[in-house]
Each structure stands twice: as C-alpha cells, then as structure tokens.
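Here is the structure we will look at.
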Amino acid sequence: MIKQTLLENGIQVVTEEMPGCRSVSIGILVDTGPLDEGELNAGLAHLVEHSLFLGTSSRTSGEIARMIDTMGGRIAAFTGRDYTCFTCVVMDDHRTYVLDLLSDLLLNSVFPEEQLEHEKSVILNESYLAKDNPHERADSLLRATMWPDHPLGRAIEGDSDSVTTLTREDVIYFLHAHYLPDRITIGVAGNLEHQDIVAQVRDCFWRLGGESTDYRRPSPPTFYSGFVSEPSSASQAYFSVGIKAPVYNFSNRYHIHLLNTILGGGLSSRLFRSLRNERGLVYDIHSEYLAYRDAGSIVISGNARPEMVFDIVDEVMSIVQKLTDGSEPCLEEELWQAKMYNIGQHHIDSEDPFTRMSRLLTQLYYFNQIISTEAVIRGIEEVTSESLATLCDELYMVEENLIAGAVVGGTG
Numbered sequence: 012m013i014k015q016t017l018l019e020n021g022i023q024v025v026t027e028e029m030p031g032c033r034s035v036s037i038g039i040l041v042d043t044g045p046l047d048e049g050e051l052n053a054g055l056a057h058l059v060e061h062s063l064f065l066g067t068s069s070r071t072s073g074e075i076a077r078m079i080d081t082m083g084g085r086i087a088a089f090t091g092r093d094y095t096c097f098t099c100v101v102m103d104d105h106r107t108y109v110l111d112l113l114s115d116l117l118l119n120s121v122f123p124e125e126q127l128e129h130e131k132s133v134i135l136n137e138s139y140l141a142k143d144n145p146h147e148r149a150d151s152l153l154r155a156t157m158w159p160d161h162p163l164g165r166a167i168e169g170d171s172d173s174v175t176t177l178t179r180e181d182v183i184y185f186l187h188a189h190y191l192p193d194r195i196t197i198g199v200a201g202n203l204e205h206q207d208i209v210a211q212v213r214d215c216f217w218r219l220g221g222e223s224t225d226y227r228r229p230s231p232p233t234f235y236s237g238f239v240s241e242p243s244s245a246s247q248a249y250f251s252v253g254i255k256a257p258v259y260n261f262s263n264r265y266h267i268h269l270l271n272t273i274l275g276g277g278l279s280s281r282l283f284r285s286l287r288n289e290r291g292l293v294y295d296i297h298s299e300y301l302a303y304r305d306a307g308s309i310v311i312s313g314n315a316r317p318e319m320v321f322d323i324v325d326e327v328m329s330i331v332q333k334l335t336d337g338s339e340p341c342l343e344e345e346l347w348q349a350k351m352y353n354i355g356q357h358h359i360d361s362e363d364p365f366t367r368m369s370r371l372l373t374q375l376y377y378f379n380q381i382i383s384t385e386a387v388i389r390g391i392e393e394v395t396s397e398s399l400a401t402l403c404d405e406l407y408m409v410e411e412n413l414i415a416g417a418v419v420g421g422t423g
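423 is the number that the numbering used here gives the last residue of the sequence shown; the numbers go up by one with no jumps.
This is how it looks when you write it as structure tokens:
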C-alpha cells in the first residue's frame, strides 16, 4: 500500500509497504542539480553531493562509513540532470538510525577545508576516468552536440577549470539556497509502517526550514543536429546517436518507450537483429530513452571496428529514419513483443524495494502523483500500431533537426 504525507515544513513523505520483506530502501530526492549552478560554477551541485559525506558536527567521514558497514547496508548518492538523490538500503530494524544519519548529513555537515580539497581531486579523477572511457566520451560528445550551451549538454562533474575554483563558501551557499524542505521528497519502500516513518522523518528533519523563492533556471534547450568525431587509441570505435524525443512527462510516453524498445531496446529489436544477429557488424548495440523535465532523446550506443564505424552509423540512421518516417512502419508482431517486454520488465523490477522506492520519488517529481502498476500496464496495452505511426508523423515528419551523432576512435 502506498501512502503520502506532507509535513508541516513542506517535506513530502511517501512510503510503500512490502510485507514479508526484511529490508527497507530509503531515498531523499532534492529538486536541485546542474540546472541551478550556472556555467561558471559547473560541477557545484555534484561537489555538494560529494561533500555531504565528509563529516558532520557529530560524525567524521570514517564514522559514517563504519556505521553503514556495521549495519550491512549500502549508502549512495548521485547528481542527476534534474535532481540530486541520496539512497540507503538496510535491514528494517536499522531504518531509524539511517534516517537520523541522512538528516545529519543534510543538516549538520561541516565541510572540512582540507577534505573538501581532497574531494575536488577525487571528482577530477572521476572526470578524467570518464574521458578515458571511449563509450562515456562518445556519450559526452553527443550531449554537447545535441544541447550545446545548456547544462544538459555539460558534464555533471564540471571540468578542471570550474571545479578547481569552487570554494567551501560556494558549497555552503548552494546547500542553503537549494536544499529546502519544499524541494525535498523522502521515499521509503519495504517492511515498514507509514506512520512510523512519518514520525521518524518529522523528528529528524524538523529543524530544516525555509522555502523556495522564485529562481530562474535555464530555458528548455533547443535540440541541434550535427556530427562530431574524435580519435582514440582503443581497438574498437564507439558511437552514440541521439534522436530528438519528448520530455519525461509527455502525455504519450508509453508510445516513446515502445518505439525505443522496437528500435534497440531488446534482443529482437531492429538494430540488434540487423547489425549483430544478421550481419555480425557489432558486438553491442542498444538504445535508451533518456528523458528529463525539459528535454528528451532516444540514444543509440554501440561499438565496432574503427574502419567500419562510420558506415554502421549511417546504417543506424537509415534504420531510425525508416521506422520514424513510415517507410518501414512498426509491425503488429513487433509491437506485441515490445509490449510484452515492457510489461514483463515492469513486473520483474517491482519485486525490488529499491526500484519501488525510486519509482515513488520519480513519479512524484515528474508527474506530481503516483501511477499505479495497473495504469502503467493499461497505458502500454492501449498503444496501437496506428497510434504509434500517427505519433511518429507528429514528432518526426515536420522538423529537420532530429538526429545527432558522435564517434570516438573511427578511421576513414
């Protein structure tokens, strides 16, 4: 059973009881991220997320780590394109301690100057590692091509020029300006009682006050077509192709999910079947629907021999165009398989408390409501080949700037 409570200070609490489960998954979603930092402070939101684990007024970073390890738990955090999230998975009898710990991180972090400088070095190493990974590099180049001069097109971790200039004062200012109660949702799934969680959250977070003022975020980005390539010493070339797609809360989003599955979302998808199974041109090729509050893209990624990669990218674009322009429309069998795949994945994922917790948070964030499994299945089943073709006409037959691409390591 899913229940929601809005606390007096503006924090939303949402829980899902899963009887018989011995664990609980806890997540704190904060409506802030790279969109709030500005180009000169690129990487600040990510640095704040990292820095919250450096110690509080009552716990050192080492004590925080030992506490989680002693409970046999997992704690993590990530800075997304739209929001920042802190998560923890523990046995059900440890949930009170974890909520206390998470509130301590958000309310009482002290940001030791020396450790903060060390963490900036860690982030720079993370950035260099991503640049050395040809797959991640291709993805980064694609984003910069699709959404230039916009936070969605920049690296979340920033770059060496911006990160090295960030200060402890910048971190504290960002935290106080954006980590506010009406921008925080706490989700918990597993073996729990809703009212117990509400009481614990209220007890842990009552000191968090303030409310968001009007603040300006960048306008939604314009999608640009284009192609960029970069040399690499890797034995394989890596490519990413992006197709313009709707935002996360698009009314016909199930159509887009099914279109992605038909294109490259499974072993029977057009791209995998054509380029790997039938012709042996690639080892891996897949697509993913990346959707955000203000933009979206279906991204196709893969690898191939350097001398063949540009021809393969041309073939990928041809397969995409034939599906979206109706010259090779979706077949009834393809649509049925895509529906079964998505429905099956939804049910399988639903058995995991962490996934259930993540859904609660993202659904409230993007839709301001919880969408039941029954509604998801119904939305998938209602898609027809005719409605999918109509949507492709509406989305892809008018504009010209629809596809962008990036290759790392190609020759020829």
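Just so it is clear, CB atoms sit at the ideal spot from N, CA and C, and this is done for glycine as well.
DSSP, read as helix, strand or coil, puts Ser62 in helix.
Here DSSP, grouped into helix, strand and coil, assigns Glu74 to helix. For Tyr300, the uninterrupted beta strand (DSSP E) segment begins and ends at Ile296 to Ala302. Here the C-alpha atom of Ser244 lies approximately 49 Å from the C-alpha atom of Glu385. In the DSSP assignment, Phe250 falls within the beta strand (DSSP E) that extends over Ala248 to Ala256. Gln380 carries a coil assignment under DSSP once its states are collapsed to helix, strand and coil. For Leu152 and Glu19, the gap between their C-alpha atoms comes out near 44 Å.
Straight-line spacing of the CA atoms in Ala248 and Val41 works out to 37 Å.
Going by DSSP, Val100 is part of the beta strand (DSSP E) stretching over Thr95 to Met102. Straight-line measurement puts the Cα of Glu393 at about 30 Å from the Cα of Leu286.
At least 7 Å separates the beta-carbon of Glu137 from that of Arg179. Looking at the DSSP output, Thr272 bridges to nothing.
Secondary structure at Gly313: strand, using DSSP grouped into helix, strand and coil.
At the C-beta level, Tyr265 and Ile391 come within 7 Å of one another. Counting along the chain, no beta strand (DSSP E) covers Arg287, and no H or E run does either.
Exposed is the label assigned to Phe378, since fewer than 16 other Cβ atoms lie within 10 Å of its Cβ. Spanning the alpha carbons of Glu28 and Leu113 requires a straight line of approximately 21 Å. Nearest Cα to Ile311 within the set Ser329, Ser251 and Lys333: Ser251. In the DSSP annotation of this structure, the continuous segment of the alpha helix (DSSP H) that includes Gly355 starts and ends at Glu343 to Asp360. DSSP, read as helix, strand or coil, puts Glu28 in strand.
In this structure, Tyr376 and Thr81 do not form a Cβ contact; the two beta carbons are roughly 32 Å apart against a cut-off of 8 Å. Of all C-beta pairs linking the stretch 326 to 334 to the stretch 272 to 286, three or more are shorter than 8 Å, placing the two stretches in contact. Ala256 is the residue among Tyr94, Ala256, Ala149 and Tyr108 whose C-alpha sits nearest the C-alpha of Phe234. With respect to the 7 Å criterion, Met102 and Ser34 are classified as neighbours on the basis of their beta carbons. Boundaries of the beta strand (DSSP E) harbouring Thr196: Ile195 to Gly201, taken from the DSSP string. In this structure, the CA atom of Ser236 is about 45 Å from the CA atom of Ala76.
For Phe321, the enclosing alpha helix (DSSP H) stretches over residues Val320 to Thr335. The C-alpha of His358 is placed about 25 Å away from the C-alpha of Cys341.
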